[in-house]
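Take a look at the structure set out below.
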Amino acid sequence: MVLLCRSLEVAELVDGEIDMVQQQQEEETPRRMGGASKEKAGSVFLMAYTLPMLYEKYEDQFDVVGEKALIQIKKQYKVLDAKLLSKIPMLSEKKQH
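This is how it looks when you write it as structure tokens:
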């Protein structure tokens with residue numbers, strides 16, 4: 000978990016550097032993409048290259064955190080299903096006359 004938080008901090012720092020470079024480029028060239036798109040592209044690029052390496056290095060820790068997250072997601076889905084999804088009429092029931 001600490002590793003994931005640290006990698007997010009690094010991503011934010013790099014993203015800030017990317018923003019500064021992009022601002023300089025925008026001043027020199029006309030705008031082609033929206034600002035949010037550029038920020039997302041920079042973050043996706045950074046994660047695409049760093050997360051696989053971090054996963055290989057800390058695979059066991061990532062798996063433990065992933066399993067805990069999956070358990071929490073399943074618990075939340077059960078609550079959502081009980082309170083909302085189970086009350087929506089199914090399409091298959093409507094087709095049966």
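Following numbering that gives the first Met the number 0, the residues of the sequence shown are numbered contiguously, the last one being 96.
Note that beta-carbon positions come from the ideal geometry of N, C-alpha and C, so glycine has one too.
Does DSSP put residue 48 in a helix, in a strand, or in coil? Within the sequence shown, residue 48 is the residue found at index 49, counting from 1. Residue 48: helix per DSSP, three-state reduction.
Check whether residue 44 and residue 53 have beta carbons under 9 Å apart: The residue labelled residue 44 in the question sits at position 45 within the sequence shown. The residue labelled residue 53 in the question sits at position 54 within the sequence shown. It is not a contact, given that the beta carbons lie outside the stated cut-off.
For residue 63 and residue 36, the rounded distance between their alpha carbons: Translated into positions along the sequence shown, residue 36 becomes position 37. Translated into positions along the sequence shown, residue 63 becomes position 64. The straight-line gap from Cα to Cα measures roughly 32 Å.
Can you tell me whether DSSP reads residue 57 as helix, strand or coil? Here residue 57 is taken as the residue at index 58 of the sequence shown, counted from 1. Coil.
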